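**Student:**
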Amino acid sequence: MDYHLDASSLICLFKMVAAINSAMQTVVYYITEEKLLESLVYRPAQVRLFKKFFGYPAEKLDELRARFSVILIISHFSMGRVRANVPNIIEVAGVHLSEPPEPCGAELQKYLDEAEHGAIYFSMGQDILMKYLPENMLGLPLFFDQFNNIHRVQLAGMAKVLDPNDLNADTLIETINELLENPSYAERAKAMALSFRDRPMSPLDTALWWTEYALRNRDTSHMRLNVEEIPLMRYYRLDSILTFGVRLGCVCASLIFLGWRLYQKNRNRHRRLQERERVLAQIQLRMSDNE
């Protein structure tokens, strides 16, 4: 018999799986290096600055963090991280960049102008990002967020990635030649740079406008997500986890019960066979004694 799952059921199934996956990612986040850095490095520094300039205890900082009017984040959707942000989260990536871009030093400019075959910029830092330098890139991630950042750039089609565990001269030369001879990497880099800069306002003007908006409108509760109003079950997505957990538990319990029943049945059969063999042995022993 031909059986198919209707679209609405598939959508519900996909939503449940996505919710469980997101919840698992949240759990993993809280036990990863990033959370440890926040707890041991970033937050203590924030608390020290908060106490120094405002004179309030650390508990007040937690209260203020739950009621931020506007949050300016160094991110932009053109960088490949599309998120459903609430209205008070404002993307201002590039706010620290000068407009128009500052010219490079005279010595460096002279070197670049006189380079007959162009130049390759080499940096082991983390400050050279795709949105600042619209050129094809060759990445060599070594630690922390470098792996994720260069992976996103590679998926965008504007970079190649080297494996530090399998790095040699031949691989390096071959990869550099691929970047230089294949124009798609440079074209993709320039296209992403244009998308990043194509905005109604500069990042600095955007940050200033929303800051002034928050000052003009003291009550910005309509812009932020009030965590206190979200039920605990929904906030931690326990309803989705419990739904999946109950179904998985029922399946596992059924399999365990069936396995136990089969084990009991085989054990009883084995006991009956042993008892039959014992009775037959006793009968044969008595017959031999009578003879």
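Heads up: the sequence shown begins at 34 in this note's numbering, then just goes up one per residue. Note that the Cβ used here is the ideal one computed from N, Cα and C, for glycine as well. In this text the structure is predicted, and so the values were computed from the model without any measurement.
Which full runs of the beta strand (DSSP E) of 3+ residues lie inside the region 61 to 149, going along the chain?
**Tutor:** 104 to 106, 122 to 124, all fully within the region 61 to 149.
**Student:** With a Cβ-Cβ cutoff of 7 Å, do Ala202 and Gly172 count as a contact?
**Tutor:** Not closer than 7 Å, so no.
**Student:** If distances are taken between C-alpha atoms only, which option among Gly278, Ser111, Glu310 comes closest to Ala224?
**Tutor:** The shortest C-alpha separation from Ala224 is found at Ser111.
**Student:** So does the region 120 to 134 actually touch the region 223 to 240, counting three or more Cβ pairs closer than 8 Å?
**Tutor:** At 8 Å Cβ cutoff, the stretches touch.
**Student:** Going by DSSP, name the residue or residues bridged to Leu295.
**Tutor:** Leu295 pairs with nothing; no bridge assigned.
**Student:** Quick test of the definition: if touching needs 3 or more C-beta pairs under 8 Å, does the region 213 to 227 touch the region 243 to 258?
**Tutor:** No: fewer than three Cβ pairs fall under 8 Å.
**Student:** Would DSSP call Leu237 helix, strand or coil?
**Tutor:** Of the three classes helix, strand and coil, the one that applies to Leu237 here is helix, per DSSP.
**Student:** Beta-carbon separation of Asn169 and Tyr89 under 7 Å?
**Tutor:** For Asn169 and Tyr89, no; Cβs fall outside 7 Å.
**Student:** Considering only the beta carbon of each residue, do Arg230 and Gly113 sit closer than 7 Å?
**Tutor:** Their beta carbons are not under 7 Å apart, which means Arg230 does not touch Gly113 by this criterion.
**Student:** Using the Cα positions of Leu271 and Arg280, report the straight-line distance between them to the nearest angstrom.
**Tutor:** Those two C-alpha atoms are separated by around 14 Å.
**Student:** In angstroms, rounded to a whole number, what distance separates the CA positions of Trp243 and Ile104?
**Tutor:** In a straight line, the C-alpha of Trp243 is about 9 Å away from that of Ile104.
**Student:** Helix, strand or coil: how does DSSP classify Leu171 here?
**Tutor:** It is a strand residue.
**Student:** Less than 7 Å separating the beta-carbons of Val119 and Leu295?
**Tutor:** It is not a contact, given that the beta carbons lie outside the stated cut-off.
**Student:** Give the DSSP-derived three-state secondary structure of Ala152 in the structure shown.
**Tutor:** Ala152: coil per DSSP, three-state reduction.
**Student:** Could you give the DSSP three-state label for Ala192: helix, strand or coil?
**Tutor:** Three-state DSSP puts Ala192 in a strand.
**Student:** Cutting at 6 Å between CB atoms, please list the residues of its own chain near Ile107, excluding the five before and the five after it.
**Tutor:** Cβ within range, chain order: Ala126.
**Student:** Taking only three categories from DSSP, how would you classify Arg309?
**Tutor:** Helix, per DSSP.
**Student:** Does the Cβ of Ile153 have 16 or more other Cβ atoms within 10 Å, making it buried, or fewer, making it exposed?
**Tutor:** Exposed, because fewer than 16 other Cβ atoms sit within 10 Å of the Cβ of Ile153.
**Student:** Excluding five sequence neighbours on each side, which residues of the same chain lie with their C-beta closer than 8 Å to the C-beta of Phe176?
**Tutor:** Correct list: empty, nothing qualifies.
**Student:** Following the continuous alpha helix (DSSP H) through Met225, name the residue where it begins and the one where it ends.
**Tutor:** It spans 216 to 230 - the alpha helix (DSSP H) in which Met225 sits, taken as one unbroken run.
**Student:** Hey, how far is the Cα of Ala286 from the Cα of Arg232?
**Tutor:** So the two alpha carbons sit approximately 56 Å from each other.
**Student:** Taking 6 Å as the cut-off, is the C-beta of Gln315 nearer than that to any heavy atom in the ligand ADP?
**Tutor:** The ligand ADP is not part of the structure shown, which contains no ligands of any sort.
**Student:** Let me know if Ile183 comes out buried or exposed under the rule of 16 or more other beta-carbons within 10 Å of its beta-carbon.
**Tutor:** By the neighbour-count rule (16 or more Cβ atoms within 10 Å), Ile183 is buried.
**Student:** Using a Cβ-Cβ cutoff of less than 8 Å, which residues in the same chain neighbour Thr208 once the five nearest sequence positions on both sides are dropped?
**Tutor:** Contacts found: Leu171, Lys193, Leu195.
**Student:** Give me the residue from Ile206, Leu141, Pro174, Glu310 with the minimum Cα distance to Pro197.
**Tutor:** Selected option, being the one with the closest Cα: Pro174.
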